[in-house]
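Q: Mind having a look at this structure? Questions to follow.
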Amino acid sequence: MQVLVRENNVDQALRVLKKKMQREGIFREMKLRRNYEKPSERRARERAEAIRRTRKLMRKRLEREGY
25 MQVLVRENNV DQALRVLKKK MQREGIFREM KLRRNYEKPS ERRARERAEA
75 IRRTRKLMRK RLEREGY
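Reminder that position 59 of the sequence shown reads as 83 in the working numbering, one-by-one numbering, no gaps.
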């Protein structure tokens, strides 16, 4: 990942880098990899995430289309 530092403004470059990393999901992955996750726990987590995504999609569809 690459960020340009303009006019020696390192603070702004850091903010841009953090935003890019957040968008890519790097922070989330680092947090997940901090501790070992058993394969069964991983499957359960991924299944729960999929259910949450589906419910969120259905909620948005219901708001937008009304059915």
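The C-beta atom is built at its ideal place from N, Cα and C for all residues, glycine as well.
Would you say Met45 and Met25 are within 8 angstroms of each other, going by their C-beta atoms?
A: Against a cut-off of 8 angstroms, the Cβ pair of Met25 and Met45 comes out as a contact.
Q: Would you kindly work out how many angstroms separate the C-alpha atoms of Val34 and Leu86, rounded to a whole number?
A: Taking the straight line from one Cα to the other gives about 44 angstroms.
Q: Would DSSP call Val34 helix, strand or coil?
A: If DSSP states are grouped into helix, strand and coil, Val34 belongs with the helices.
Q: Compute the Euclidean distance between the alpha carbons of Glu65 and Arg83, then round it to the nearest angstrom.
A: Near 27 angstroms, if we compare the C-alpha coordinates of Arg83 and Glu65.
Q: Starting from Arg97 and walking both ways along the alpha helix (DSSP H), at which residues does that stretch end?
A: Any answer about residue 97 is impossible in this case: the structure gives the chain only from 25 up to 91.
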